[in-house]
Every structure is written in structure tokens, then in C-alpha cells.
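According to this note's numbering, the sequence shown is numbered sequentially starting from 1.
Shown next, in C-alpha cells, is the structure this report addresses.
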Amino acid sequence: MPALTYPNVGATRTGALPNGWRHVRHRTRLPDGCFPAAAAAVLGWRLHRAAGIRIEADAPRAAPGVRVVSGLGLGPLRLPAPCEVVWAADDGQRAGFGYGTLPGHPARGEEAFVVSRDDAGRIWFEVIAFSRPAGWLMRAAGPLGRAFQHGYAWWLGRTLRRLCAAA
1 MPALTYPNVG ATRTGALPNG WRHVRHRTRL PDGCFPAAAA AVLGWRLHRA
51 AGIRIEADAP RAAPGVRVVS GLGLGPLRLP APCEVVWAAD DGQRAGFGYG
101 TLPGHPARGE EAFVVSRDDA GRIWFEVIAF SRPAGWLMRA AGPLGRAFQH
151 GYAWWLGRTL RRLCAAA
């Protein structure tokens, strides 16, 4: 079984991201009362699928050790991105997971998708990530690759807000 392609495994759980890597932190406020629906959408892959990402996971719910291949694009232009879930949480205040890259992913690093309640009871969705290019494609993308990562985080937040409003 291939190993993760980066050090600092689990850093997205605490948010203490390693120096020298690209960082993404994007936070979206969600509608009041939607914590259960948002948590289920994140942990059950519904968020990613609703955002237009093809997800092939070896379990119906995110949990440590679950292997996931996400894909962006169409047909032969679809770019596979294999990952493994390295941590998951679901305690009523915080629900989500972090997954790390496996060989074949265009980047190296970790990304987390977390729904949480703050002390005032507001509900938030946050994408936290650190990464580096793994090959020529991401290196060639340069600033466009970084812009894509931030845009992807924004799109996931918008999609989860829409899912919560419909619930």
C-alpha cells in the first residue's frame, strides 16, 4: 500500500501548518441550525460531489485509513488525485476530516474540511491546507495553481451553504 507523500501528517487537525509550504485557510459562515446537515455532507462525501468533484472512496464516510481518489475535469482530461484520510472528527462541536496525498497526486500535502460551532453558536465551514507541487504540472501552474486552491476552497464553502439552505 503506498505511503503518504509528505511529512507533518495530521497538521491540519490543529491548524499548526508547517513553514515553507503553501497554506490555504478559507472560512465560510453557514446558516444557523445546519450543523447536523453540514457535518453529514462533509463526512459522507456529499459536499465534494455536489461541488462537481468525482469521488471514489473505499468507504461511505470519511474515517482514518479510508482511501479516496478525487477527480477534476472531464473524460480523458480528468486529473486523478489519490489521498488517504489521516484524521476525522465528529463530536457535535466539530465535524470533518483531513486527508493527505498519495503517489500520483499532482501535489504533496494535506487538506482538511471542517464544520464547527464557535462559542456564540455560529456555524462555520473551513478548508485548511498545506501543499507543494509534486510534479511538473503543479510547478508549471505556478500562481494559477495557488489561485485554483483558494478558488476551490471558496467554491466548497459556497456549495455547503447551498446544501444547508436546501436541508
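Heads up, the beta-carbon is just placed ideally off N, CA and C, and yes, glycines get one too.
How many Å lie between residue i and residue j at the Cα?
i           : j           : result
residue 5   : residue 139 : 16 Å
residue 87  : residue 131 : 17 Å
residue 44  : residue 97  : 10 Å
residue 13  : residue 163 : 24 Å
residue 28  : residue 126 : 6 Å
residue 106 : residue 133 : 6 Å
residue 115 : residue 137 : 31 Å
residue 24  : residue 109 : 11 Å
residue 154 : residue 71  : 18 Å
residue 78  : residue 151 : 18 Å
Per DSSP, what are the beta-bridge partners of residue i in this structure?
i           : result
residue 27  : 126
residue 96  : 89, 114
residue 55  : 70
residue 79  : 72
residue 108 : 132
Would you kindly check if the distance between the Cβ of residue j and the Cβ of residue i is under 8 Å?
i           : j           : result
residue 141 : residue 95  : no
residue 156 : residue 41  : no
residue 69  : residue 60  : no
residue 113 : residue 17  : no
residue 129 : residue 111 : yes
Thinking just about the alpha-carbon of each residue, which of the options is nearest to the one in residue i?
i           : options           : result
residue 165 : 7, 34, 19         : 34
residue 67  : 157, 85, 21, 114  : 85
residue 161 : 25, 2, 30         : 30
residue 148 : 8, 7, 18, 26      : 26
residue 58  : 134, 144, 152, 82 : 82
residue 36  : 92, 78, 21        : 92
residue 104 : 129, 135, 167     : 135
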